[in-house]
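Quick note on UniProt numbering: the sequence shown kicks off at 1 and runs consecutively.
Report on the following structure.
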Amino acid sequence: YQPPNDWQLLIQFANERDEGHYECQVSSHPPLVFLVYLTVVVPRVEIVDERGGAGGDKFYKAGSTIELKCVITKVPQPTTYVTWKHGQRMLNYDTSRGGISVKTDLKIGGAVSRLYIANANRYDSGNYTCALADVAMNTVTVHVLNGELFVKILPQCNMEAPQDGLH
């Protein structure tokens, strides 16, 4: 309540569940009713690889170039900055690793940031996080393989041996 006769509804830490119709009723004669629809805009961060594959695990050969693209949408305010992390380490241009570059295009309603890591090695494996300030983030896991065979068995796959043994 704010004097003299103004009532306000304050929703702290609004989230998607708060979206919807709200009704304000004034006890007067005749009664007054004001309807408001609250739209909650939640920024979306998605990381895709050079083939457009989103999320999950990414696999690269040693010596190849890792290219990750972070697409940020549904940002109600102008985007100020986008950061990349490898594990807990911020990826900067002055890193001793070298061969790392970031290109970010800020635009109205979001941003697109590309992370390039040249001549990938096993130390480049790990979690990569793209973050919009402290508002929203997403993480993918990168695996750099040195020629070893890696087979990922999906839950829906059935790997049964034939009755007469393996072929």
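Cβ atoms here follow ideal geometry from the backbone N, Cα and C, with glycine treated the same way.
{"query": "Delimiting residues of the beta strand (DSSP E) encompassing residue 108", "result": "Here residue 108 belongs to no beta strand (DSSP E), and DSSP marks it neither H nor E."}
{"query": "Reference residue 146; option with closest CA among 78, 122, 116, 12", "result": "122"}
{"query": "Reference residue 44, options 58, 15, 31, 57, closest by Cα", "result": "15"}
{"query": "Neighbour-count burial assignment, residue 12, 16 or more Cβ in a 10 Å radius", "result": "exposed"}
{"query": "Inter-residue spacing [alpha-carbon to alpha-carbon] between residue 1 and residue 70", "result": "Legend: pLDDT at residue 1 = 43, less than 50; position of this residue unreliable, value from coordinates given subsequently. Each residue's alpha carbon lies about 43 Å from the other."}
{"query": "Terminal residues of the beta strand (DSSP E) in which residue 13 lies", "result": "Here residue 13 belongs to no beta strand (DSSP E), and DSSP marks it neither H nor E."}
{"query": "Contact check, residue 99 vs residue 127, beta carbons under 8 Å", "result": "no"}
{"query": "Local conformation of residue 17 per DSSP, three classes", "result": "helix"}
{"query": "Best match in 56, 125, 8 for proximity to residue 139 [C-alpha to C-alpha]", "result": "56"}
{"query": "Neighbourhood of residue 163 by C-beta, 6 Å cutoff - its chain only, sequence neighbours within 5 removed", "result": "Any reading at residue 163 must be qualified, since the residue scores a pLDDT of 49, below 50, and its modelled position is unreliable; no value is offered."}
{"query": "Proximity of residue 83 and residue 110 at Cβ, strictly below 8 Å", "result": "no"}
{"query": "Host beta strand (DSSP E) of residue 135 (start-end)", "result": "Neither: residue 135 is in no beta strand (DSSP E) and is coded neither H nor E."}
{"query": "Where residue 60 falls: helix, strand or coil (DSSP)", "result": "strand"}
{"query": "C-alpha gap between residue 130 and residue 63, whole angstroms", "result": "23 Å"}
{"query": "Beta-carbon spacing of residue 46, residue 54 below 8 Å", "result": "yes"}
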